[in-house]
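Chemist: Sharing a structure, written as structure tokens. Questions coming.
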Amino acid sequence: MSAESYGSHPVVDRRVLLRGAGGFLVTLLAPGVTLYAFGAAGHASEAPASSKVRWALLIDLSKCPAGCDLCVTACRDENGWQQNGRPETDPQWIRKVKLRDGRTGEYREVPVMCQHCDKPACVDVCPTGASFKRADGIVLVDKHICIGCRFCMMACPYKARSFVHQPLTDQKPWAPRGKGTVEACTFCVHRLDSARLPACVEACAVKGGGAMTFGDLNDPTSEVSKAVAKYATSQVRADLGLEPAVRYRNL
Amino acid sequence: MRRRAAIALGLFMGVAVLAAAGMRASAESGTLAPQPPKGRGEHCVADTDFMRRNHMKMLLGHRSEAVRLGVRTQQYDLNGCVDCHAVAGADGRPVSFDSPQHFCRSCHTYAAVSIDCFECHASRPQAPGKAAAVQPGDKEVAAISQYLRDVGQ
């Protein structure tokens, strides 16, 4: 089998094929969204992330109604963060930002999370090497060596990262979080490594408007590549040249 | 003088009681070292002596590979240790690292080696209901089926 035989599905790569024994059910949900529901035999990946893959997310804001926060709650439930009524310091892996046109009064709500930049400013400034970009383009914090200096939070133009101020208990086994470290959206890296979509994308597809298309930008046949080639899309603060992996349509 | 003798006698008796308790413990287990509860399943990923000396190296190697490279070998996953070595508390639920009964803590307290793994990592298995969030179960498949039915109509 080759990757080409799966070309039309956004979430797939070489690693999926190495797990043939698991046996999986591929369900086409909506245009651009595929869910891979593994049986009990679904196993996490044993092959490293590949630089042949460049994960990206396209959000169509015309399908993203104001007041809907399914992506935010899905992320919260999946990764176990919560807000304690202190917006200045609360963790926020994903948030909805309200953009208002001053003249017409028209507004949009835009989901903003770590933009997984190709040239991430947070990685440049990290003094310990805790901020890093994985081979497949996902920008992460290695909390084992994060010293909590928060330079990355200052460097990030998207305010995507937050700092854990209080001791935590009963974290999710797949999403370790702890006091004194910086954290942000991981594109649900634990899910991707077992060939599943990020929690926000899944929630948006199953219960929401299907505004999010996730996939591999390096694969020209993936839904996200096709959409990016076909429609006008924009990156937030593209002028900074960080080349974010999150793109917006109808911004 | 009498008071001093009483203190000495008291001390001697205290030591004797402790020694007797220690000897009884060692007679039961053959060693003074803690006897952590046995894990679930037939055997560990390596034999006990090897694990005692090398578990930290295995975890360290796995952590770098998993976080940095995305190599998620399940064999040396900390979550695997936590799942197998869960100890049920008084309420029947697995105890967290806060409890002296916790598998890792039972030895680490004795050896006076403090670990900070569980400041971030879960120290007990996820409750089965919540675990569905990461292992797609019937619920998720049902949701997908429901969605497909809705689309079909």
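Chains C and V, in that order, are what the protein sequence lines are. The working numbering applies: residue 1 is where the first sequence begins, and numbers increase by one. The working numbering applies: residue 1 is where the second sequence begins, and numbers increase by one. For every residue, glycine included, the Cβ atom is placed at its ideal position computed from N, Cα and C.
Is the number of C-beta pairs between the segment 214 to 229 of chain C and the segment 71 to 85 of chain C that are closer than 8 Å three or more?
Modeler: In short, these stretches do not touch, since the Cβ pair count stays below three.
Chemist: So the candidates are C/R196, C/P87 and C/R247; which of them puts its Cα closest to the Cα of C/R95?
Modeler: Along the first sequence, read from residue 1 onward, the residue named residue 95 of chain C stands at position 95. Selected option, being the one with the closest Cα: C/P87.
Chemist: I'd like to know whether the C-beta of V/R4 is nearer than 9 Å to at least one C-beta of chain C.
Modeler: Position 4 of the second sequence holds residue 4 of chain V. It does not; no Cβ of chain C falls within 9 Å.
Chemist: Is it the case that the Cβ atoms of C/V246 and C/M154 are separated by a distance below 9 Å?
Modeler: As a position in the first sequence, residue 246 of chain C is number 246, starting the count at 1. As a position in the first sequence, residue 154 of chain C is number 154, starting the count at 1. No, they are not a contact pair.
Chemist: Return the residues of the segment 113 to 144 of chain C that lie within a Cβ-Cβ distance of less than 8 Å from chain V, sorted by chain order.
Modeler: Per Cβ criterion, the list reads F132, R134, A135, D136, L140, D142, K143 and H144.
Chemist: Output yes if chain V places a C-beta closer than 9 Å to the C-beta of C/P65; else output no.
Modeler: Stepping through the first sequence from its first residue, residue 65 of chain C is reached at position 65. Not an interface residue.
Chemist: In chain order, what are the residue ranges of uninterrupted alpha helix (DSSP H) at least 4 long that sit wholly in the segment 129 to 199 of chain C?
Modeler: The segment 129 to 199 of chain C contains these whole alpha helix (DSSP H) runs: 151 to 155 and 189 to 192.
Chemist: If you follow the beta strand (DSSP E) that C/F214 is in, where does it begin and where does it stop?
Modeler: By 1-based counting over the first sequence, the position of residue 214 of chain C is 214. Note, C/F214: beta strand (DSSP E), M212 to D216.
Chemist: How big is the Cα-Cα spacing for C/L168 and C/S234?
Modeler: To locate residue 168 of chain C, count along the first sequence from 1; it is residue 168. To locate residue 234 of chain C, count along the first sequence from 1; it is residue 234. In a straight line, the C-alpha of C/L168 is about 37 Å away from that of C/S234.
Chemist: What are the boundary residues of the alpha helix (DSSP H) that includes C/P230?
Modeler: Numbered from 1 along the first sequence, position 230 holds the residue referred to as residue 230 of chain C. Note on residue identity: the sequence assigns Lys, not Pro, to residue 230 of chain C. Counting along the chain, the alpha helix (DSSP H) containing C/K230 begins and ends at E223 to K230.
Chemist: Taking the continuous beta strand (DSSP E) assigned at C/D124, which residues delimit it?
Modeler: Translated into positions along the first sequence, residue 124 of chain C becomes position 124. Note, C/D124: premise wrong, no beta strand (DSSP E); alpha helix (DSSP H) at A121 to V125.
Chemist: Determine which residues of the segment 60 to 71 of chain V have a Cβ less than 7 Å from any Cβ of chain C, and write them out in chain order.
Modeler: The residues in question are R63, V67, R68, L69, G70 and V71.
Chemist: Classify C/P31: buried if its beta carbon has 16 or more other beta carbons within 10 angstroms, exposed otherwise.
Modeler: Locating residue 31 of chain C in the first sequence gives position 31, where the first residue counts as 1. Unreliable placement is indicated for C/P31, whose pLDDT of 43 sits below 50; the coordinate value is still reported in the next sentence. By the 10 Å Cβ count, C/P31 comes out exposed.
Chemist: Along chain C, which residues have their Cβ under 8 Å away from the Cβ of V/Q126?
Modeler: Stepping through the second sequence from its first residue, residue 126 of chain V is reached at position 126. Near V/Q126 (Cβ distances below 8 Å), the residues of chain C are K172 and P173.
Chemist: Please confirm whether V/H121 has its beta-carbon closer than 9 Å to some beta-carbon of chain C.
Modeler: Your numbering for residue 121 of chain V matches position 121 in the second sequence. Interface residue, yes.
Chemist: Could you tell me how far apart the beta carbons of C/G80 and C/Q171 are, in whole angstroms, since I believe they sit closer than 8 Å?
Modeler: As a first step, residue 80 of chain C is located in the first sequence; it is residue number 80 there, counting from the start. As a first step, residue 171 of chain C is located in the first sequence; it is residue number 171 there, counting from the start. Yes, they are in contact, since the Cβ atoms of C/G80 and C/Q171 sit about 5 Å apart, within 8 Å.
Chemist: In whole angstroms, give me the CA-to-CA distance for C/Y248 and C/K133.
Modeler: The sequence position of residue 248 of chain C within the first sequence is 248, counting from 1. The sequence position of residue 133 of chain C within the first sequence is 133, counting from 1. Near 22 Å, if we compare the C-alpha coordinates of C/K133 and C/Y248.
Chemist: Starting from C/W81, follow its DSSP beta bridges and name the residues at the other end.
Modeler: Taking the first sequence and counting its residues from 1, one reaches residue 81 of chain C at position 81. None; C/W81 has no bridge partner.
Chemist: Quick one: does C/G208 have its CB under 9 Å from some CB of chain V?
Modeler: As a position in the first sequence, residue 208 of chain C is number 208, starting the count at 1. Cβ-Cβ to chain V under 9 Å: no for C/G208.
Chemist: May I ask you to report which of helix, strand or coil DSSP gives V/I115?
Modeler: As a first step, residue 115 of chain V is located in the second sequence; it is residue number 115 there, counting from the start. If DSSP states are grouped into helix, strand and coil, V/I115 belongs with coil.
Chemist: With a 10 Å radius around its C-beta and 16 neighbouring C-beta atoms as the bar for buried, classify V/Q74 as buried or exposed.
Modeler: As a first step, residue 74 of chain V must be located in the second sequence, where it is residue number 74. So V/Q74 counts as exposed.
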